[in-house]
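Numbering (the working numbering), first residue to last: 2 to 194.
In this text, a Cβ means the ideal position worked out from N, Cα and C, and glycines have one as well.
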């Protein structure tokens, strides 16, 4: 297994361990069947994604590229999309080295599974919450690429070698996570039917 797989699995196990201790400390009298099922989901959901391999990453990357193209055309920038490359008026942006597509999805969904368990969201709310996390991961990647395309258009392709590209990714990820955390906190005890 590659280093990436180990990092992802270690993060899943870390979140599952936190959830385990939260559950045991707050509900010592409850049966642990639900807890173990949720931990298995939290750790195991990523394995089928890895089984899909590079095809999934390429698909997520293309969806993010199309979304960024849509955002850029809404703002009035003349841009063309070919495969995973945005052709800007004075430059181009190859999305392949900039956006993996997988890690934003993985970390947001895993953290949402963790928060859904900790905040004890109702079953239907958990499903909506995880679906929202997957959608927000795609939106976050699209917005990040669109912002990066604007910066490349204004400053040139040299910005890709700076830390700006990582900072933009971090900011969009943190904003997405903050949105989901606020929703989870507000949804405690509610069941959307």
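*Determine contact between the region 111-120 and the region 176-186, defined as no fewer than three beta-carbon pairs at a distance below 8 Å.*
Yes, since at least three Cβ pairs between the region 111-120 and the region 176-186 fall closer than 8 Å, the two stretches touch.
_Quick check on residue 153: buried or exposed, where buried means 16 or more other Cβ atoms within 10 Å of its Cβ?_
Walking along the chain shown from the start, residue 153 turns up at place 152. So residue 153 counts as buried.
*Secondary structure at residue 87, three-state DSSP: helix, strand or coil?*
Taking the first residue of the chain shown as position 1, residue 87 is located at position 86. Strand.
*Taking residue 19 as the reference, which of 10, 40, 32, 165 has the closest Cα?*
The residue labelled residue 19 in the question sits at position 18 within the chain shown. Closest in C-alpha terms to residue 19, from the list 10, 40, 32, 165, comes 40.
*List the endpoints of the continuous beta strand (DSSP E) containing residue 94.*
For the purposes of this step, residue 94 is taken as the residue at position 93 of the chain shown. From DSSP, the beta strand (DSSP E) with residue 94 extends over 93-95.
*Please name the residue, chosen from 30, 136, 38, that lies closest to residue 17 on a Cα-to-Cα basis.*
The count along the chain shown starts at 1 and reaches residue 17 at position 16. Of the candidates 30, 136, 38, the one whose C-alpha sits nearest the C-alpha of residue 17 is 38.
*Which residues DSSP lists as bridging residue 68, in chain order*: Translated into the one-based positions of the chain shown, residue 68 becomes position 67. The bridge partners DSSP lists for residue 68 come to none.
_Check whether the region 56-73 and the region 25-32 touch, using three or more Cβ-Cβ pairs below 8 Å as the test._
no
*Since I believe residue 166 is in contact with residue 99 (beta carbons under 8 Å), could you give me their beta-carbon distance rounded to a whole number of angstroms?*
One-based indexing of the chain shown puts residue 99 at position 98. One-based indexing of the chain shown puts residue 166 at position 165. Distance from residue 99 to residue 166 at the Cβ level is roughly 6 Å; contact confirmed, criterion being Cβ atoms closer than 8 Å.
*Identify, in the order they occur along the chain, each residue of the same chain with its Cβ nearer than 7 Å to the Cβ of residue 64, setting aside the five sequence neighbours on each side.*
Translated into the one-based positions of the chain shown, residue 64 becomes position 63. Taken in chain order, the residues that qualify are 139.
*Determine the DSSP secondary structure at residue 165, reduced to helix, strand or coil.*
Here residue 165 corresponds to residue number 164 of the chain shown, with the count starting at 1. Per DSSP, reduced to three states, the secondary structure at residue 165 is helical.
*Could you check if residue 169 is buried or exposed, using at least 16 other CB atoms within 10 Å of its CB as the buried criterion?*
Taking the first residue of the chain shown as position 1, residue 169 is located at position 168. Label assigned to residue 169: buried.
_Those runs of the alpha helix (DSSP H) which lie wholly inside the region 76-152 and span at least 4 residues_ = Secondary structure remark: continuous alpha helix (DSSP H) runs of at least 4 residues inside the region 76-152, in chain order: 103-119.
_C-alpha distance - residue 1 paired with residue 123, whole-angstrom precision_ = Past the edges of the chain, shown from 2 to 194, lies residue 1, and the structure says nothing about it.
*Looking at residue 134 and residue 172, is the spacing between their C-beta atoms short of 8 Å?*
Here residue 172 is taken as the residue at index 171 of the chain shown, counted from 1. Here residue 134 is taken as the residue at index 133 of the chain shown, counted from 1. Contact flag unset, no.
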